[in-house]
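Undergrad: Once you know that position 20 of the sequence shown is 20 in this note's numbering, the rest is easy, because the numbers rise by one and skip nothing. Shown below is the structure under consideration.
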Amino acid sequence: MTAIDWILLGSYLVLTLVLGIWLSRRNRGEEDYFLAGRRLNGWLAGASMAATTFSIDTPLYVAGLIGSRGLAGNWEWWSFGLAHVAMAVVFAPLWRRTGVLTDAAFTELRYGGPAAAWLRGIKAFLLALPVNCIGIGYAFLALRKVVEALGLVSGQPVFLGITDTIGLLALVAVLVLAYTVAGGLWAVVVTDLVQLVLALVGALAVAVAALHAAGGMGALLDQLEGLGRPELLSLVPWSWNGDGFSWLCGSGISVPMFLSYVAVQWWSFRRSDGGGEFIQRMLATRDEQQARLAGWVFLVVNYLIRSWLWVVVALAALVLLPEQTDWELSYPALAVSLLPPVALGLVVVSLVAAFMSTVSTSVNWGASYLTHDLYQRFIRPQAAERELLLVGQLTSVLLLVLGVITALISDSIGAVFRLVIAIGSGPGVVLVLRWFWWRVNAAAELAAMLCGFAVGLVTSLLPLVRIEDYGLRLMVITAASALVWLTVMWRTPPESDAVLERFVRQVRPPGPGWALLRRRYQVTPLESFAAMSRRFGLACAVLFGGLIGIGGFLLHQQFSGWMGIAVLCVAVLLLRRSPDHNGDSLV
């Protein structure tokens, strides 16, 4: 990097810090600090959700997937689009209707008694510390790999045995802390918008430069076909031609693995009804319609726009960097080799911006659990607003320090990603069913969460029982936790009538699972389960039709492109004829 590149990076960091401090004036209490006073519009909340998932690690992760497994390897994360569609069209209005501060606090709205309190406390602890710190460490690991690939650090000791790598990570951590601790969620979401724009521009710059270096898209595709790896350009891990059906073994994706991606992972994972950071954004919106809009903005940006920018760079790396061994590093390696000064500085700023948006969200979100669901709920119920703000700021510092430590003991971004999925699998189906069936109780959800965490950890790390096939591992985790939580649910009593009545009156849940109680309490659901299911199916067609259509045309696979766009257009037309309960169009 040249001097001008360093100036660009330094200017961005200073601007972010100033913006965070300026926005700190909006914080009057806990709801302002963690939910931006529930005043966000859907565009800003959705952009923040997209920026949160556009971390510095994601283009590296995608490059690693395509380099080792081909294009179909992306179904490891594309499959979560099903859960994110459900979040946008099904769960977003339900979450906003609850009026809670965190998804952990929701447990004591849906359930009651000591079991609900235990569930809330354990859930807040697990999500705030082990799970969240792994996520923060995951982002810091990617930052470490990027700065090493860019040559910004050498890994050598510079002071008291501390390496320059640790020093740089500590500097960035301090800057993230400064604006996150001072500004709360307002600082996070506003800077997220800036960071998202920068991240998209940076990704576009690398993609254009890589395509130009490869001779254009047509030349790139010809060179890729010459590599003798058919999985590289296949949208699915199989081929169907004149010779019949054949599984692409070179993709490294087994049949159980692919089936687990599209049929198990998205509903079994702990984010099946939204996920903590996304729930935080939906709870922070002005109303239910804005919460739904936030979900749609996220879907479009995350899957239909930036997804293919990363794919182009990853494919170009296979041709331009034939000697590369760690494909996760191909993204920064191409940026260094292809971009001139200023452009390189912009891309570095975009990567740092992506990193900061993810970490700041994780810090604020994790601190909300420690403050609201542990400290206030169990230690100091009468704590004043100023005291809660201070606790939130102190716990933010703790979370970031633990995240940095996690990054220093990890090496593979993909491995960390799969570990996070594994230890979070199992409870997803319970998290969905609790909205639609009165019989699900706190004991069942607690059993599913603890069993999934334990089985996932053991089968991922313990050599004697470790399951190497990722798909088979997910199926074992899901099946084991299902056996446990179903047994626990039927052996424990249901929630009390008072608790169920409170939930039905406030949330007005749809579906036959609540029909008897709705009639008893004379409550009418705001929308039918059939209409909700229809919208979910159509929204999935919009997302995956658009994803396949864009990819088909980009890869010169005309049939896939036209089929995808046709599905997208038909689904959009049908969705526009399906207004929600307020009479507003859903797209």
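Every residue gets a Cβ at the ideal spot worked out from N, C-alpha and C, and that includes glycine. What you are looking at is a predicted structure, and each value in this text was computed from that prediction instead of being measured.
Excluding the 5 residues preceding and the 5 following Val-90 in the sequence, name in chain order all residues of the same chain whose CB lies nearer than 7 Å to its CB.
TA: Same-chain partners within the cutoff: Met-532, Phe-536.
Undergrad: Am I right that Val-589 and Leu-71 are in contact with their C-beta atoms under 8 Å? What's the rounded C-beta distance?
TA: Past the edges of the chain, shown from 1 to 587, lies residue 589, and the structure says nothing about it.
Undergrad: Considering only residues of the same chain and omitting the five flanking positions on each side of Ala-142, which have a CB-CB separation below 6 Å?
TA: Ile-56, Asp-57, Leu-60, Ile-413
Undergrad: Could you have a look at Asn-441 and say whether DSSP puts it in helix, strand or coil?
TA: coil
Undergrad: Excluding the 5 residues flanking Thr-16 on each side, which residues of the same chain have their C-beta closer than 6 Å to its C-beta?
TA: Tyr-179, Thr-191
Undergrad: Go through its chain and collect everything with a Cβ distance to Tyr-12's Cβ below 6 Å, but skip five positions before and after it.
TA: Val-349
Undergrad: Beta-carbon within less than 8 Å of Glu-445's beta-carbon, same chain only, minus the 5 sequence neighbours each way: which residues are those?
TA: Thr-107, Tyr-111, Leu-119, Pro-427, Val-430, Leu-431, Arg-434, Trp-485
Undergrad: Taking 8 Å as the threshold, find out whether the segment 355-364 comes into contact with the segment 42-52 through three or more Cβ pairs.
TA: yes
Undergrad: How do the segment 223-231 and the segment 240-251 stand: do at least 3 beta-carbon pairs fall below 8 Å, yes or no?
TA: The segment 223-231 is in contact with the segment 240-251.
Undergrad: If you compare alpha carbons, which of Leu-315, Glu-277, Val-347 is closest to Gly-131?
TA: One detail in the question is off: residue 131 reads as Val in this sequence, not Gly. Closest option to Val-131, Cα to Cα, is Glu-277.
Undergrad: Locate the alpha helix (DSSP H) running through Pro-332, then write down its first and last residues.
TA: 330-338
Undergrad: For Met-449 and Ser-307, I'd like the C-alpha separation in whole angstroms.
TA: 31 Å
Undergrad: Could you check if Ala-116 is buried or exposed, using at least 16 other CB atoms within 10 Å of its CB as the buried criterion?
TA: buried
Undergrad: Would you list the one or two residues that DSSP bridges to Pro-157?
TA: Thr-163
Undergrad: Taking DSSP's pairing of strands, which residues face Ser-260 in a bridge?
TA: Paired residues: none, contrary to the question.
Undergrad: On the three-pair Cβ rule with 8 Å, is the segment 159-179 touching the segment 330-343?
TA: no
Undergrad: Go through the segment 223-305 residue by residue and report every complete run of the beta strand (DSSP E) that reaches 3 residues or more, in order.
TA: 238-241, 244-247
Undergrad: In the DSSP assignment, find the alpha helix (DSSP H) that holds Tyr-369 and state where it starts and stops.
TA: Looking at the DSSP string, Tyr-369 is not in any alpha helix (DSSP H), and its letter there is neither H nor E.
Undergrad: Considering only DSSP beta bridges, list what Ser-425 is partnered with.
TA: According to DSSP, which records beta bridges pairwise, Ser-425 is partnered with Phe-269.
Undergrad: Alpha carbon to alpha carbon, how far is Ala-384 from Gly-37?
TA: One C-alpha to the other measures close to 17 Å.
Undergrad: Cβ atoms of Ala-539 and Ala-566: under 9 Å apart, would you say?
TA: Not in contact: Ala-566 and Ala-539 (Cβ atoms no closer than 9 Å).
Undergrad: Report yes if the CB atom of Ser-268 is closer than 9 Å to the CB atom of Leu-472, and no otherwise.
TA: no
Undergrad: What is the C-beta distance between Thr-406 and Gly-64, in whole angstroms, given that I count them as a contact (C-beta under 8 Å)?
TA: At roughly 19 Å, the Cβ-Cβ gap does not stay under 8 Å, so Thr-406 and Gly-64 are not in contact.
Undergrad: Does the distance from the C-beta atom of Gln-280 to that of Phe-34 stay below 9 Å?
TA: yes
Undergrad: For Phe-258, I'd like the list of residues in its chain whose CB is within less than 6 Å of its CB, leaving aside the five on either flank, ordered along the chain.
TA: Pro-237
Undergrad: Only counting the same chain, and skipping five residues up and downstream in sequence, which positions put a Cβ closer than 7 Å to that of Asn-302?
TA: Closer than 7 Å at the Cβ level, and outside the excluded window around Asn-302, lie Ala-50, Thr-53.
Undergrad: Where does Leu-171 fall in DSSP's three states?
TA: helix
Undergrad: Classify Arg-144 as buried or exposed, calling it buried when 16 or more other Cβ atoms lie within 10 Å of its own Cβ.
TA: buried
Undergrad: Leaving out five residues before and five after Leu-126 in sequence, what residues of the same chain have Cβ atoms less than 8 Å from its Cβ?
TA: Met-449, Phe-453
Undergrad: Once the 5 residues before and after Ser-481 are set aside, which same chain residues still bring their CB inside 7 Å of it?
TA: So the list reads Gly-426, Pro-427, Ala-448, Cys-451, Gly-452, Val-455, once near-sequence residues are dropped.
Undergrad: Is the closest heavy atom of the ligand NAD to the C-beta of Ile-162 under 8 Å?
TA: Here there are no bound small molecules, and the ligand NAD is not part of this structure.
Undergrad: When we look at the beta-carbon of Trp-562 and count the other beta-carbons within 10 Å, is it buried (16 or more) or exposed?
TA: exposed
Undergrad: Within 10 angstroms of its Cβ, does Thr-487 collect 16 or more other Cβ (buried), or is it exposed?
TA: exposed
Undergrad: Are the beta-carbon atoms of Gly-135 and Leu-346 separated by less than 9 Å?
TA: No; because the gap between Cβ atoms is not below 9 Å, this pair is not in contact.
Undergrad: According to DSSP, what are the bridge partners of Gly-561?
TA: In DSSP, Gly-561 forms no bridge with anything.
Undergrad: Please state whether DSSP places Gly-588 in a helix, a strand or coil.
TA: This structure cannot speak to residue 588, because the chain is shown only from 1 to 587.
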